[in-house]
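Participant: Quick one: the structure is below, and I'll ask about it shortly.
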Amino acid sequence: MTETYPEIREAVAKLCAKFPGDYWRKLDRGMDYPQAFVDALTEAGWLAVLIPEEYGGAGLPLSAAAAVLEEMQRAGCNGGACHAQMYTMGTLLRHGSDAQKAKYLPQIASGALRLQAFGVTEPTSGTDTGALKTTARLDGDHYVINGQKIWTSRAAQSDLMLLLARTTPLAEGMKKTEGLSVILVDMAAAKGQGLTIRPIRTMMNHATTEVFFDNLHVPAENLIGEEGRGFRYILSGMNAERILIAAECVGDAKWFIDKAVGYAKDRHVFGRAIGQNQGIQFPLAKAYANMRAAELMVREALALYEAGQNPGAEANMAKMLAADASFEAANACIQTHGGFGFAEEFDIERKFRETRLYQVAPISTNLILSYLAEHVLGLPRSY
Ligand SMILES: Cc1cc2nc3c(=O)[nH]c(=O)nc-3n(C[C@H](O)[C@H](O)[C@H](O)COP(=O)(O)OP(=O)(O)OC[C@H]3O[C@@H](n4cnc5c(N)ncnc54)[C@H](O)[C@@H]3O)c2cc1C
1231 MTETYPEIRE AVAKLCAKFP GDYWRKLDRG MDYPQAFVDA LTEAGWLAVL IPEEYGGAGL
1291 PLSAAAAVLE EMQRAGCNGG ACHAQMYTMG TLLRHGSDAQ KAKYLPQIAS GALRLQAFGV
1351 TEPTSGTDTG ALKTTARLDG DHYVINGQKI WTSRAAQSDL MLLLARTTPL AEGMKKTEGL
1411 SVILVDMAAA KGQGLTIRPI RTMMNHATTE VFFDNLHVPA ENLIGEEGRG FRYILSGMNA
1471 ERILIAAECV GDAKWFIDKA VGYAKDRHVF GRAIGQNQGI QFPLAKAYAN MRAAELMVRE
1531 ALALYEAGQN PGAEANMAKM LAADASFEAA NACIQTHGGF GFAEEFDIER KFRETRLYQV
1591 APISTNLILS YLAEHVLGLP RSY
């Protein structure tokens, strides 16, 4: 199987080589944002590959973005710092007005505006998005927003946030997913005017936060699309997000496998390379096979997506299989390295922590399995 977009992969790998392990280690210690890495990607145009050419982007298909993200992870970098800048704008592109697109997309393409905060998850509702409690009440020419979001990653490094809030109170007979709307929040204007961002320290460096809205006023013109249809708009972007994160996980798996294979050849114990032992070989061979299978599912999801379909099952399976493959490879990589797998300077423990996230976010494995059970296998709905 030949790899897609070899020129893109080569160029991204070259850029990533300027950001080696010690760059990431220093940031990880202080939980600092990889600004220089993100600036370099922005300058090279890699974060704008999906934005149409008329708005200043490269206008490439999703598989080009997947190649960029896979290569970043494969090089040991952490695309989690900026992947959302690539795809969050999809909601604006598909559902925004011409005026909104003309106003924001060229600036997002150039990097002058960062749209990489996505406020959906809330502390009390969790995966049950329809139960979210943040409200946006229309009052003349503006919305008044009240509530709280959690795990709003990169909120502190975003100029704009895509917010999902309830604009119509839930009433008898109404579906929970109705009455929700997507609103673009100008973060600079909002800070100190009803918007508070608090960082959350996590087991990996992910710039994630909790966000509080206290009578925040946002111009009514910042509504994306029609009021009440926000859940659909958000859903329409989720397949792309899942496929791209799956590509990142494939990149992670490749990094772990390469690292482990290299070490298994070099490390000698009992007078021979540890890689000569089948106890070391088999977990790596299995991780490789599972990575390749996940890679095929990512390709299938990409092909269907680019053919104009809405491949919910394939996007979800790609994300689950790739997240499993990267975590399996991470585990095998630590085991292959013995004690050194835990040493910071090998980068394995950092990448291990980083890739673990994708079992839970942006959607947890159980929810993928229940989607497949219900929508593909036709089993009764469990919740
Ligand atoms: C580092 C990080 C970054 C994130 N970034 C963002 C972001 O930028 N924007 C954003 O909106 N969100 C973000 N998230 C949130 C993420 O999408 C959620 O954490 C994830 O979807 C799981 O939701 P939850 O944490 O509320 O878990 P819960 O919904 O509370 O679920 C807890 C556990 O119960 C399981 N569970 C729940 N219901 C069922 C069921 N019916 N059947 C079986 N199992 C079930 C889940 O699978 C999970 O394992 C981020 C999360 C993290 C940790």
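So the mapping is simple: the numbering used here equals the position in the sequence shown, first residue as 1, plus 1230.
Idealized CB from N, CA, C, for every residue including glycine.
Note that the structure is predicted; figures quoted are calculated from it, not measured.
1) In chain order, what residues of the same chain have a beta carbon less than 7 Å from the beta carbon of ARG1259, not counting five sequence neighbours either side?
2) Does the distance between the C-beta of LEU1587 and the nearest non-hydrogen atom of ligand 1 fall short of 7 Å?
3) What is the rounded straight-line gap between the Cα of GLY1349 and the Cα of VAL1590?
4) On the criterion of 16 or more Cβ atoms from any shown chain inside 10 Å, does ALA1579 qualify as buried, or is it exposed?
5) Taking only heavy atoms of ligand 2 into account, decide whether any of them is closer than 7 Å to the Cβ of ILE1510.
6) In chain order, which alpha helix (DSSP H) runs of at least 4 residues are fully inside the region 1281-1365?
7) When every heavy atom of ligand 1 is checked, does at least one fall within less than 7 Å of the C-beta of THR1365?
8) Taking the alpha-carbon positions, what's the GLU1544 to MET1527 distance?
9) Could you check what DSSP says for LEU1597 in three-state terms: helix, strand or coil?
10) Is it buried or exposed for THR1354, if we count other Cβ within 10 angstroms and need 16 for buried?
11) Here's a check: name, in chain order, each residue in its chain whose Cβ is nearer than 8 Å to the Cβ of TYR1601, leaving out the five neighbours to either side.
12) Which residues in the same chain have their Cβ closer than 6 Å to the Cβ of LYS1484, if we skip the five residues on either side of it in sequence?
13) Following the continuous beta strand (DSSP E) through PHE1443, name the residue where it begins and the one where it ends.
14) Tell me where the alpha helix (DSSP H) around GLN1511 begins and ends.
15) Taking 8 Å as the cut-off, decide whether the C-beta atoms of PRO1513 and ALA1562 are in contact.
16) For LYS1406, which residues in the same chain have their Cβ closer than 7 Å to its Cβ, ignoring the five residues on either side in sequence?
17) What three-state label does DSSP hand LYS1495 in the structure shown?
18) Using DSSP with H/G/I as helix, E/B as strand and the rest coil, what is ILE1487?
19) In the DSSP output, what is ASP1369 paired with across the bridge?
20) Locate the alpha helix (DSSP H) running through THR1585, then write down its first and last residues.
21) From this set, ALA1386, MET1404, ASN1435, THR1397, which residue's C-alpha is nearest ALA1420's C-alpha?
22) Is DSSP giving THR1398 helix, strand or coil here?
23) With three or more beta-carbon pairs closer than 8 Å as the criterion, would you say the region 1360-1375 touches the region 1311-1326?
24) Return the Cβ separation of GLY1409 and GLY1481 in integer angstroms, given the expectation that the two are a contact with Cβ distance under 8 Å.
25) Measure the C-alpha to C-alpha separation of MET1433 and ASN1596 and round it to an integer number of angstroms.
Facilitator: In brief:
1) none
2) yes
3) 17 Å
4) In the sequence as displayed, the identity of residue 1579 is Glu instead of Ala. Its Cβ being crowded by 16 or more others within 10 Å, GLU1579 is buried.
5) By its list of ligands, the structure shown excludes ligand 2, since it contains just ligand 1.
6) 1292-1304, 1313-1317, 1319-1325, 1328-1340
7) For ligand 1, not one heavy atom lies less than 7 Å from the Cβ of THR1365.
8) 7 Å
9) Note: LEU1597 maps to helix in three-state DSSP.
10) exposed
11) GLY1542, ALA1543, ASN1546
12) ARG1304
13) 1439-1449
14) 1508-1536
15) yes
16) GLY1360, ALA1361, LEU1400
17) helix
18) helix
19) Looking at the DSSP assignment, ASP1369 forms a beta bridge with HIS1372.
20) 1578-1586
21) ALA1386
22) In this structure, THR1398 counts as coil in the three-state DSSP scheme.
23) no
24) About 39 Å; that fails the 8 Å criterion.
25) 21 Å
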